[in-house]
Amino acid sequence: MRPDTPYEITALPLNQPTAHGPVMLPSEIPPGVELVTLPGGVRTLAYTQPPAASTPQPGPAGAPIPTWAKTTALLTPTIGGGIAAAGIGLSYAAPGLIAMSQALWSAVALIATTTLAIPLLLAAARRRTSSATAPAQITQNITATGLFGRANGTINHH
Numbered sequence: 003m004r005p006d007t008p009y010e011i012t013a014l015p016l017n018q019p020t021a022h023g024p025v026m027l028p029s030e031i032p033p034g035v036e037l038v039t040l041p042g043g044v045r046t047l048a049y050t051q052p053p054a055a056s057t058p059q060p061g062p063a064g065a066p067i068p069t070w071a072k073t074t075a076l077l078t079p080t081i082g083g084g085i086a087a088a089g090i091g092l093s094y095a096a097p098g099l100i101a102m103s104q105a106l107w108s109a110v111a112l113i114a115t116t117t118l119a120i121p122l123l124l125a126a127a128r129r130r131t132s133s134a135t136a137p138a139q140i141t142q143n144i145t146a147t148g149l150f151g152r153a154n155g156t157i158n159h160h
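Going by this note's numbering, the sequence shown opens with residue 3, and the numbers climb by one from there.
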């Protein structure tokens, strides 16, 4: 016999006792396994091919993946890389940011001081000029005759 010639396997009934020991009960044999006789006469359990199905059973059809989910999945590494780059940039910029924050606090203190000092200086300057000279009095006399009459007036400095 040539090696590529297949052997014919014949199935024996399971309830016949063998010389090698007791036979398994049919309830003990898993599905797809049968007691077979090999060409040398040895009987053994073997897996058998199930009969070919006429048409394969289709699996449940899955819903298509939404476009927003695909876009989000594609953008996730980009966003993560951007956050990582920002963290690295901030770690390099930390000394400069600390110096800038101290400079900003100094600027805030300068603005607050200036806001309080300018009105005080102006008030002090008014007191000096008003105490040195008497305030000027200006009087106006305006007269007009009729609805569309021309107005005449005088200004007197005292």
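Yeah, the Cβ is synthetic: ideal placement off N, Cα and C, and Gly gets one too.
L37, buried or exposed, once every other Cβ within 10 Å from all chains shown has been counted against 16: buried
Alpha carbon of A146 to alpha carbon of A125, nearest angstrom: 40 Å
Contact under 8 Å by Cβ, H159 with I140: yes
Closest Cα partner of Q142 within the set G148, L149, A153: A153
For Y49 and L40, the rounded distance between their alpha carbons: 13 Å
Segment limits, beta strand (DSSP E) that includes G61: Unbroken run through G61: none, as it is neither H nor E.
Backbone secondary structure at V44 - three-state DSSP: coil
Rounded separation between Y94 and T69 - CA only: 38 Å
For V35 and L27, believed in contact at Cβ under 8 Å, the rounded distance: That belief does not hold up - the Cβ atoms of L27 and V35 are roughly 13 Å apart, past 8 Å.
Separation of L123 from Q104, as counted between CA atoms: 28 Å
Sequence-distant residues of its chain with Cβ nearer than 7 Å to M3 (five each side left out): For M3, the predicted model reports a pLDDT of 47, less than 50, meaning its position is unreliable and no value from the coordinates is stated.
Rounded separation between G89 and L76 - CA only: A straight line joining the alpha-carbon of G89 with that of L76 spans about 21 Å.
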